[in-house]
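In this note's numbering, the protein residues as written are 7 to 117.
For each residue, glycine too, the CB sits at the ideal point set by N, CA and C.
Structure first, then comments.
In structure tokens:
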């Protein structure tokens, strides 16, 4: 028995004792059972399309400025969720306010 196999078997015993699910595959063999991949979530819109929609409107906003982001082909709640995540990451939490109207979002930069 090689030292690699001994190390893998020791790891397998530790994983089993801890109740973990695992799958180890080496040239010497396989241990555990295959782990099922998580299903991919269905996106409402293609990845990045919401960001590409609102980026031109918020690109050069200064403190105190108000910009309007139109609805376009998206629903306002999806735009707002993506926009707030982007603004919190870019400008920081609490540095903006977003108001939803029937046809667009208004964004006020506070800091």
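Give every residue of the same chain whose Cβ lies closer than 8 Å to the Cβ of residue i, excluding the five residues on either side of it in the sequence, and list them in chain order.
i	result
residue 27	38, 39 and 41
Excluding sequence positions up to five away, which residues of its chain have a Cβ less than 6 Å from the Cβ of residue i?
i	result
residue 76	110
residue 78	59
residue 74	110 and 112
residue 63	73 and 75
How many Å lie between residue i and residue j at the Cα?
i	j	result
residue 9	residue 35	14 Å
residue 65	residue 104	16 Å
residue 102	residue 60	15 Å
residue 92	residue 58	11 Å
residue 11	residue 25	21 Å
residue 108	residue 56	18 Å
residue 30	residue 18	8 Å
residue 45	residue 98	32 Å
residue 43	residue 21	19 Å
Opposite residue i in the DSSP bridges: which residues?
i	result
residue 69	None; residue 69 has no bridge partner.
residue 114	72 and 103
residue 36	31
Beta-carbon within less than 7 Å of residue i's beta-carbon, same chain only, minus the 5 sequence neighbours each way: which residues are those?
i	result
residue 71	115
Just verifying my parser: in three-state terms, what is the DSSP assignment at residue i?
i	result
residue 15	helix
residue 108	coil
residue 25	coil
Return the Cβ separation of residue i and residue j in integer angstroms, given the expectation that the two are a contact with Cβ distance under 8 Å.
i	j	result
residue 106	residue 89	Incorrect: roughly 10 Å between the Cβ atoms, too far for contact.
residue 69	residue 117	6 Å
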